[in-house]
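In what follows, a structure is listed as structure tokens, so that the remarks can point back to it.
As structure tokens, this is what we get:
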């Protein structure tokens, strides 16, 4: 039963569902539906799919997420970045506009759904953590630029292709002669209007005395206004005959039952993109869900989120959709509009189903330039180059990861960009930890504290080399420590004992164990003692599983002060005792 | 001048070279030469090359390493694992026995040389540290098994091919009907003899009163004895006509000047294998050089070693050789025989050059089965499955890395094996650090120390959550910390303040900074304070580059005890003060 409740969060919130929750969810659903109709059409366009695919992708997935997901406010459906990734992935296996293209989109959603559910069942949600924040930020920013650029062709009314910035710009420039001036006017006006709605309308309405809720609904309805105005203009003036591209006939139906393609070639070609889409989508979705949950002291379960998103994608695969995830904009709108439970999502799905059946004929004359304007205005809010400045100030390694991700995403495409970002952030992390900070320490006079001899006035003993290692020891830094100790002992021929202070060593892996054994062996060959101090409990437990402590050519002291006293008390062999120096 | 001396270590040891060093180097050179003649022929066979390639690969490379290398005892030339890697790499671009095969070997050596020199000039030697000890141990063991298996066909006198264990065994079994019984007898006898020489001869000679040096030389000459005996047997009894495969005509000449192939296809196909060979060869060579240097309190410079090995490989590429590196067996023999400077290597090169000119006709009737026996006996000392047992006892993560490396090297080939080993050890390391140990701590009564509440009798304050994070914070564990704190605060609704103890946090990257900001934001929304204690200097310097400390919804305390006293003194809001509990 508990296990059933784990997999069906619906059983949790469903039991306490009441009239207040219902009416709050209903209001939120109306607002979100109004916002989603033009957005869904636009994202389908971005993915290279027929407009209805965007609406279908918002119906079954929302309901399935409501059953399996753990976030109370997350709104699932097509989002900009995943639509771009979809276009890029499918563009490699099929021509846009062909039946194969739509089938490939279903397969992509199917593979993505299977992968997400598997990750969830195997509880592998933590893998998403390997996408560092700067890499995600860089990737989202670069994707925003790519998406906005890809939509320029609809505003200009020219044809263009390509999945990287140079390809798209080059292809657009070479076709610039095809420019359709009426389309350009519609596109520019729609874009300017939508920017104004986003920035200027809400304050204006508030100044005019509208309540926050009304101001909000009217602002969210901005794209609908643009859609209605431009559709009427195209219809009224017969602009479609002037070469203005329109959406055209959209089937008037509930989401159809569809079957993804299962040919091995198709699956082989789409597997890696599906994994990438799943991981990116999951990371985006979980961040949103976590942020919204925290505001109400609620929790989400990332592994169950994987199952919820997986179910949503499987739903998309069998109902004419394409890959979906939890979107930032729609979820925030849903939350702000007062959604209390996932039922709000289900009501949104009903709203969209009604739209799919009743409203699709109305968008026949809708110019694609308007949809492109909707996309451009939406994605430009994703573009945030300030991450470059912020990381530059904080850490050059993080800056490098962002810069590489942005540059490669723009010039080599989304897959290469994000893969390189992950690889470079892992490598830079390993590089940093492969050269740990190691301080030679001495006693602060009158205390039991030891500090870096280069920063403080401390007492040292020329026969004793005390090194504090400020990093866990593992394969990438094991040899560094070997080299460092070897170098110090070769330089300082007075040294009779080496002490390693392990207070900041949280782990010692097998490579580091072998390096410690090698250090012990080499120091032993030279007649130099080798000692450890301040070893943490778990690290000591681990070391005791090997022969290292038994074979140690020295002692393990509880504290560095104990070690200091021990070597102070013991007169050095073959020389008159010298007092410790203060330096 | 110092920079010239950096790149030419010869200028260092050359200035103090004297008669004693000369005679010690000379003795070592004679012993190593005797050992190398059969070994060089055998490793060329293993690499699929004509036997003389093994001798040529030992001449120019040794001299070039003597000029550029930093180890006093390292002996450079063909080694078993690199020969195997060479066979595996070239087998994919050319047929064995063709001219293209030999040219590909030159190209491989050339690419490897260029890559090593580049790594050295760019001081990238640390990259080799990403091969963890268990991965190297597993790879060497699996390679030993692969090499021994690959030589069985010469012992059986059957034809076989393949680069993985199942391929080789399958192909040998299906050709078992071709078996040549005379070859089998020669092969088995030679193998048994060589094992006996290795294990039993030296103790026997010592018991018979031989000096250690004489016993050592005679033992090292064992393979020469096997070569002489089986060659005489084949010649005397005319066994070559009975189908016993022999070495045949070997050109009688100094190393020829040769030119590697530079076609883009060839370079493209061999680039990755060349990088792999370089890295594996470098790691093997540096370990040997470091071990030997430490015994005499000398040092080697890993970056200069890259240049030395790179020069050696470039030398091999232009003198009819194939990829080389510093070998374990030959270097230890060189060191034990008393080599004092790299001049010993130069003298060995002269010895081998004489052999190449004068002795090659003598090996005409040498059966390949004898060379195979030499290889089998040499590589079985590399096979050490005890690494599985040792890592199992010490750490499951390290065990997994070894097991995967061995299994995949045997079944999928050397490239896949070592690449998977590296990938899995990096992933396991990231996984371990992605779920850091976080302890809730309380005050040990009567002290200023704080300990884990689950392990010790400590005082706690129900309004204060004190967590000690035992790991540096970075992208892979940033979200883990977010989740953990969120979960604790949702559970413990009495909590008014959260304190993170940073004593074991050696670094905070940008992702972790953003997570700390998110935690701060969320705790702020809930009216919970967020505080840090015992932040290290470098970490604090870093945090101060951001707004985090200014925006902190709480304070940074120098010590946890200060924080404890602060919250003890402050009466909790809206409730009667309760004394801290001892639990």
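Residue numbers (my numbering), protein chains in the order written: chain Y, 477 to 1059; chain H, 477 to 1059.
The beta-carbon is built from N, C-alpha and C at its ideal position, and this holds for glycine as well.
**Neighbouring residues, chain Y, relative to residue 913 of chain H (Cβ below 8 Å)** = On the second chain, residue 913 of chain H is found 437 positions in, with the first residue counted as 1. Ordered by position in chain Y, the residues that pass the 8 Å Cβ test against residue 913 of chain H are 982 and 1014.
| message | On the DSSP bridge list, what partners appear for residue 973 of chain H? | response | Start at 1 with the first residue of the second chain, and residue 973 of chain H comes out as number 497. Bridge partners of residue 973 of chain H: H:940 and H:1005.
Report the three-state DSSP secondary structure of residue 841 of chain H (helix, strand or coil). Position 365 of the second chain, counting from 1, holds the residue named residue 841 of chain H. Residue state, collapsed to three classes: coil.
* To do: Kindly say whether residue 966 of chain H, judged by its beta-carbon, lies nearer than 9 Å to any beta-carbon of chain Y.
  => Start at 1 with the first residue of the second chain, and residue 966 of chain H comes out as number 490. Judged by the 9 Å Cβ criterion, residue 966 of chain H is in contact with chain Y.
Query raised in the report: What are the start and end residues of the beta strand (DSSP E) that includes residue 915 of chain Y?
Result: For the purposes of this step, residue 915 of chain Y is taken as the residue at position 439 of the first chain. Segment 914 to 919, the beta strand (DSSP E) holding residue 915 of chain Y.
> At what residue ranges does the segment 533 to 607 of chain H contain a whole run of the alpha helix (DSSP H), taking only runs of 4 or more?
Replying inline: 556 to 566 and 575 to 597
Between which two residues does the beta strand (DSSP E) containing residue 1018 of chain Y stretch? Locating residue 1018 of chain Y in the first chain gives position 542, where the first residue counts as 1. First-last for residue 1018 of chain Y: 1013 to 1019, but that is the alpha helix (DSSP H), not the beta strand (DSSP E).
*asked:* To test your reading of the DSSP string, which unbroken alpha helix (DSSP H) runs of 4 or more residues are found completely within the segment 670 to 704 of chain Y?
replied: 678 to 683 and 688 to 696
Top-ranked residue by Cα proximity to residue 1021 of chain H, from H:809, H:673, H:778 and H:986: Indexing the second chain from 1 puts residue 1021 of chain H at position 545. Ranking the options by Cα distance to residue 1021 of chain H, first place goes to H:986.
Kindly indicate the opening and closing residues of the alpha helix (DSSP H) around residue 804 of chain Y.
Here residue 804 of chain Y refers to the residue found at position 328 of the first chain. Its alpha helix (DSSP H) spans residues 804 to 812.
Query raised in the report: Taking 9 Å as the CB-CB cut-off, is residue 581 of chain Y touching chain H?
Result: Walking along the first chain from the start, residue 581 of chain Y turns up at place 105. No, residue 581 of chain Y lies away from the interface with chain H (no Cβ there is under 9 Å from its Cβ).
Under DSSP, the alpha helix (DSSP H) around residue 651 of chain Y begins and ends at which residues? Here residue 651 of chain Y corresponds to residue number 175 of the first chain, with the count starting at 1. From DSSP, residue 651 of chain Y is part of no alpha helix (DSSP H); its letter is neither H nor E.
**Prompt:** Opposite residue 1033 of chain H in the DSSP bridges: which residues?
**Reply:** For the purposes of this step, residue 1033 of chain H is taken as residue 557 along the second chain, with counting starting at 1. Note: residue 1033 of chain H sits in a beta bridge opposite H:1009.
Contacting residues, own chain, Cβ-Cβ under 6 Å from residue 1031 of chain Y (five flanking each side not counted): Reading the first chain from its first residue, position 555 is the one you call residue 1031 of chain Y. So the qualifying residues of the chain are 1007.
Q) So residue 955 of chain Y is in the alpha helix (DSSP H); what residue range does that whole segment cover? A) Residue 955 of chain Y sits at position 479 when you count from the first residue of the first chain. From DSSP, the alpha helix (DSSP H) with residue 955 of chain Y extends over 951 to 967.
One or two residues paired with residue 928 of chain H in a DSSP bridge: Stepping through the second chain from its first residue, residue 928 of chain H is reached at position 452. Note: residue 928 of chain H sits in a beta bridge opposite H:917.
Requested in this report: Take every Cβ of the segment 743 to 759 of chain H, pair it with every Cβ of the segment 592 to 603 of chain H, and state whether three or more of those distances are shorter than 8 Å.
Outcome: yes
Taking a Cβ distance cut-off of 7 Å, strictly less, list which residues of the segment 985 to 1009 of chain H are near chain Y, in chain order. 985, 986, 987, 989, 990, 998, 1001 and 1002
| said: Quick check for students: name the residue ranges of the alpha helix (DSSP H) that lie wholly in the segment 820 to 871 of chain H, counting only runs of 4 or more. | reply: 844 to 856 and 862 to 870
| request: Compute the Euclidean distance between the alpha carbons of residue 607 of chain Y and residue 895 of chain H, then round it to the nearest angstrom. | output: Translated into the one-based positions of the first chain, residue 607 of chain Y becomes position 131. Translated into the one-based positions of the second chain, residue 895 of chain H becomes position 419. Roughly 21 Å between the two C-alpha positions.
Exercise. Which residues bound the alpha helix (DSSP H) around residue 1024 of chain H?
Worked result: On the second chain, residue 1024 of chain H is found 548 positions in, with the first residue counted as 1. Looking at the DSSP string, the run of the alpha helix (DSSP H) that includes residue 1024 of chain H is 1024 to 1027.
*Taking the C-alpha atoms as reference points, what is the distance between residue 545 of chain Y and residue 819 of chain Y?*
By 1-based counting over the first chain, the position of residue 545 of chain Y is 69. By 1-based counting over the first chain, the position of residue 819 of chain Y is 343. Approximately 11 Å, taken between the alpha carbons.
Using three-state DSSP, classify residue 1042 of chain H as helix, strand or coil.
Within the second chain, the letter at position 566 stands for residue 1042 of chain H. It is helical.
- How big is the Cα-Cα spacing for residue 907 of chain H and residue 1017 of chain H? In the second chain, residue 907 of chain H corresponds to position 431, counting from 1. In the second chain, residue 1017 of chain H corresponds to position 541, counting from 1. Near 28 Å, if we compare the C-alpha coordinates of residue 1017 of chain H and residue 907 of chain H.
Next item on the list: Check residue 523 of chain H in the structure and name its three-state DSSP category.
Entry: Position 47 of the second chain, counted from the first residue, corresponds to residue 523 of chain H. Here residue 523 of chain H sits in coil by DSSP.
**Prompt:** Is the Cβ-Cβ distance between residue 821 of chain Y and residue 541 of chain Y less than 9 Å?
**Reply:** Here residue 821 of chain Y refers to the residue found at position 345 when the first chain is read from its first residue. Here residue 541 of chain Y refers to the residue found at position 65 when the first chain is read from its first residue. Yes, the Cβ-Cβ distance between residue 821 of chain Y and residue 541 of chain Y is below 9 Å.
Inset, instruction - Determine the extent of the alpha helix (DSSP H) in which residue 766 of chain H is found, giving its start and end residues. - result: By 1-based counting over the second chain, the position of residue 766 of chain H is 290. Looking at the DSSP string, the run of the alpha helix (DSSP H) that includes residue 766 of chain H is 740 to 771.
Going by DSSP in three states, residue 725 of chain H sits in which element: helix, strand or coil? Numbered from 1 along the second chain, position 249 holds the residue referred to as residue 725 of chain H. Reduced to three states, the DSSP call for residue 725 of chain H is coil.
* When Y:567, Y:592, Y:621 and Y:936 are compared against residue 556 of chain Y, the one with the closest alpha-carbon -> On the first chain, position 80 is the one that residue 556 of chain Y refers to. The candidate whose alpha carbon is nearest that of residue 556 of chain Y is Y:621.
Original post:
Leaving out the 5 sequence neighbours to the left and right, which residues in its chain are closer than 6 Å to residue 843 of chain Y when beta-carbon positions are compared?
Top reply: The residue you call residue 843 of chain Y lines up with position 367 of the first chain. Only 662, 706, 710, 720 and 722 meet the Cβ criterion.
Review point. Counting pairs of beta carbons, one from the segment 769 to 789 of chain H and one from the segment 581 to 589 of chain H, are three or more of them closer than 8 Å?
Key: yes
- Query: Just checking my contact of residue 614 of chain Y with residue 882 of chain Y at CB under 8 Å: how many whole Å lie between their CB atoms?
  - Reply: For the purposes of this step, residue 614 of chain Y is identified with residue 138 of the first chain, where counting begins at 1. For the purposes of this step, residue 882 of chain Y is identified with residue 406 of the first chain, where counting begins at 1. About 5 Å separates the two Cβ atoms, so the contact holds.
*asked:* Within 9 Å of any Cβ in chain Y, is that where the Cβ of residue 869 of chain H sits?
replied: Taking the first residue of the second chain as 1, we reach residue 869 of chain H at position 393. For residue 869 of chain H, the answer is yes, since a Cβ of chain Y falls inside 9 Å of its Cβ.
**Prompt:** Is the Cβ of residue 1055 of chain Y closer than 9 Å to any Cβ of chain H?
**Reply:** For the purposes of this step, residue 1055 of chain Y is taken as residue 579 along the first chain, with counting starting at 1. Low confidence applies to residue 1055 of chain Y: its pLDDT is 46, below 50, so where it sits in the model is not reliable, and the reading given next is rough at best. Not an interface residue.
- Message: Taking the alpha carbon of residue 501 of chain Y as the reference point, which residue from Y:824, Y:799 and Y:779 has its own alpha carbon closest?
- Response: Here residue 501 of chain Y refers to the residue found at position 25 when the first chain is read from its first residue. The option with the nearest alpha carbon to residue 501 of chain Y is Y:824.
Where does residue 988 of chain H sit, in a helix, a strand or coil, going by DSSP?
-> Within the second chain, residue 988 of chain H is the residue found at index 512, counting from 1. Helix at residue 988 of chain H.
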